[in-house]
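At position 25 of the sequence shown the residue is numbered 61 (the numbering used here), and the sequence of numbers has no breaks.
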Amino acid sequence: MARILIVDDAKFMRMTLSNILNKGSYEVVGEAQNGMEAVEMYEELKPDLVTMDVTMPEKNGVEALKEIKEKFPDAKIIMCSAIGQQKMVVEAIEAGAKDFIVKPFDESRVIEAITRVLAK
37 MARILIVDDA
47 KFMRMTLSNI
57 LNKGSYEVVG
67 EAQNGMEAVE
77 MYEELKPDLV
87 TMDVTMPEKN
97 GVEALKEIKE
107 KFPDAKIIMC
117 SAIGQQKMVV
127 EAIEAGAKDF
137 IVKPFDESRV
147 IEAITRVLAK
(Lines of atoms letter the chains of each structure in order from A and count residues from 1; the text may use other names and numbers.)
(Lines give C-alpha, C1' and ligand atoms only; values in the text may rest on other atoms or scores of the structure.)
Protein backbone atom coordinates (compact mmCIF):
# COMPACT_ATOMS: atom_id res chain seq x y z
CA MET A 1 0.00 0.00 0.00
CA ALA A 2 1.43 3.35 -1.07
CA ARG A 3 2.07 5.89 1.70
CA ILE A 4 0.96 9.43 0.91
CA LEU A 5 1.59 12.81 2.55
CA ILE A 6 -1.12 15.43 1.97
CA VAL A 7 -0.06 19.09 2.03
CA ASP A 8 -2.72 21.83 1.98
CA ASP A 9 -3.42 24.82 4.20
CA ALA A 10 -7.18 24.16 4.04
CA LYS A 11 -8.38 21.47 6.43
CA PHE A 12 -11.41 20.79 4.23
CA MET A 13 -9.15 20.07 1.22
CA ARG A 14 -6.96 17.73 3.28
CA MET A 15 -10.07 15.89 4.47
CA THR A 16 -11.46 15.63 0.94
CA LEU A 17 -8.20 14.24 -0.43
CA SER A 18 -7.79 11.91 2.53
CA ASN A 19 -11.26 10.44 1.91
CA ILE A 20 -10.52 9.95 -1.80
CA LEU A 21 -7.17 8.29 -1.04
CA ASN A 22 -8.57 5.99 1.65
CA LYS A 23 -11.27 4.84 -0.80
CA GLY A 24 -8.53 4.21 -3.34
CA SER A 25 -6.68 1.94 -0.88
CA TYR A 26 -3.84 4.36 -0.18
CA GLU A 27 -2.46 5.07 3.27
CA VAL A 28 -2.37 8.72 4.33
CA VAL A 29 0.71 8.87 6.58
CA GLY A 30 0.58 12.58 7.36
CA GLU A 31 -0.99 15.96 6.71
CA ALA A 32 0.94 19.23 6.57
CA GLN A 33 -0.58 22.73 6.61
CA ASN A 34 2.24 24.62 4.90
CA GLY A 35 5.46 24.17 2.94
CA MET A 36 7.69 24.24 6.01
CA GLU A 37 5.75 21.40 7.64
CA ALA A 38 5.78 19.55 4.31
CA VAL A 39 9.59 19.51 4.14
CA GLU A 40 9.93 18.41 7.79
CA MET A 41 7.30 15.68 7.43
CA TYR A 42 8.78 14.42 4.17
CA GLU A 43 12.18 13.97 5.84
CA GLU A 44 10.58 12.20 8.79
CA LEU A 45 8.02 10.00 7.00
CA LYS A 46 9.66 9.37 3.59
CA PRO A 47 6.26 8.90 1.90
CA ASP A 48 5.89 7.24 -1.52
CA LEU A 49 4.09 10.30 -2.85
CA VAL A 50 3.10 13.84 -1.85
CA THR A 51 0.07 15.87 -2.91
CA MET A 52 1.22 19.48 -2.60
CA ASP A 53 -0.99 22.55 -2.64
CA VAL A 54 0.50 25.45 -4.63
CA THR A 55 -0.62 28.43 -2.53
CA MET A 56 0.16 28.21 1.20
CA PRO A 57 1.42 30.46 4.00
CA GLU A 58 5.03 30.44 5.30
CA LYS A 59 6.42 28.53 2.32
CA ASN A 60 4.44 27.89 -0.86
CA GLY A 61 4.17 24.56 -2.62
CA VAL A 62 6.73 25.36 -5.31
CA GLU A 63 9.37 26.36 -2.72
CA ALA A 64 8.66 23.23 -0.66
CA LEU A 65 8.82 21.08 -3.81
CA LYS A 66 12.24 22.50 -4.73
CA GLU A 67 13.56 21.94 -1.21
CA ILE A 68 12.32 18.34 -1.08
CA LYS A 69 13.64 17.54 -4.59
CA GLU A 70 17.04 19.00 -3.65
CA LYS A 71 17.40 16.57 -0.72
CA PHE A 72 15.42 13.69 -2.24
CA PRO A 73 15.73 13.76 -6.05
CA ASP A 74 13.47 10.70 -6.39
CA ALA A 75 10.55 12.28 -4.51
CA LYS A 76 7.22 11.90 -6.29
CA ILE A 77 5.15 15.04 -5.89
CA ILE A 78 1.81 15.93 -7.47
CA MET A 79 0.80 19.59 -7.30
CA CYS A 80 -2.76 20.63 -6.44
CA SER A 81 -3.91 23.97 -7.76
CA ALA A 82 -6.97 26.08 -8.24
CA ILE A 83 -7.75 27.28 -11.74
CA GLY A 84 -5.72 30.37 -12.61
CA GLN A 85 -2.42 29.20 -11.10
CA GLN A 86 -0.96 27.89 -14.37
CA LYS A 87 2.23 29.92 -14.06
CA MET A 88 3.09 28.34 -10.69
CA VAL A 89 2.09 24.88 -11.93
CA VAL A 90 4.45 25.24 -14.90
CA GLU A 91 7.22 26.34 -12.52
CA ALA A 92 6.48 23.31 -10.31
CA ILE A 93 6.60 20.88 -13.25
CA GLU A 94 9.92 22.42 -14.35
CA ALA A 95 11.20 21.97 -10.78
CA GLY A 96 10.33 18.28 -10.82
CA ALA A 97 6.65 17.84 -9.96
CA LYS A 98 5.34 14.69 -11.66
CA ASP A 99 1.78 15.87 -12.35
CA PHE A 100 -0.91 18.24 -11.14
CA ILE A 101 -4.55 17.97 -10.16
CA VAL A 102 -7.03 20.83 -10.22
CA LYS A 103 -9.34 21.85 -7.40
CA PRO A 104 -12.15 21.11 -6.80
CA PHE A 105 -10.93 17.51 -6.86
CA ASP A 106 -12.40 15.02 -9.29
CA GLU A 107 -12.10 11.66 -7.54
CA SER A 108 -11.27 9.61 -10.64
CA ARG A 109 -8.70 12.17 -11.83
CA VAL A 110 -6.95 12.15 -8.43
CA ILE A 111 -6.70 8.34 -8.36
CA GLU A 112 -5.63 8.22 -12.01
CA ALA A 113 -2.82 10.76 -11.45
CA ILE A 114 -1.56 9.02 -8.32
CA THR A 115 -1.67 5.56 -9.92
CA ARG A 116 0.26 6.84 -12.97
CA VAL A 117 2.92 8.66 -10.94
CA LEU A 118 3.48 5.73 -8.57
CA ALA A 119 3.89 3.38 -11.54
CA LYS A 120 6.81 5.43 -12.94
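No residue lacks a Cβ here, since even glycine has one placed at the ideal position from N, Cα and C.
The structure displayed is predicted, hence computed values, not measured ones.
Asked	Found
Residue ranges of each beta strand (DSSP E) run of no fewer than 3 residues wholly in the segment 50 to 128, ordered along the chain?	63 to 68, 85 to 89 and 113 to 117
DSSP state of residue 48, grouped into three classes?	helix
Ignore the nearest five residues each way along the sequence and tell me which others in residue 135's own chain have a CB closer than 6 Å to its CB.	114, 149 and 153
Report yes if the C-beta distance between residue 104 and residue 78 is below 8 Å; otherwise report no.	yes
Contact defined as beta carbons within less than 8 Å: I believe residue 49 pairs with residue 139. What is the distance between those atoms, to the nearest angstrom?	7 Å
Which residues share a DSSP beta bridge with residue 41?	66 and 86
Should residue 90 and residue 46 be called a contact, given that it needs their Cβ atoms to be closer than 8 Å?	no
Roughly how many whole angstroms lie between the Cα atoms of residue 146 and residue 131?	21 Å
Could you compute how far the alpha carbon of residue 93 sits from the alpha carbon of residue 70?	6 Å
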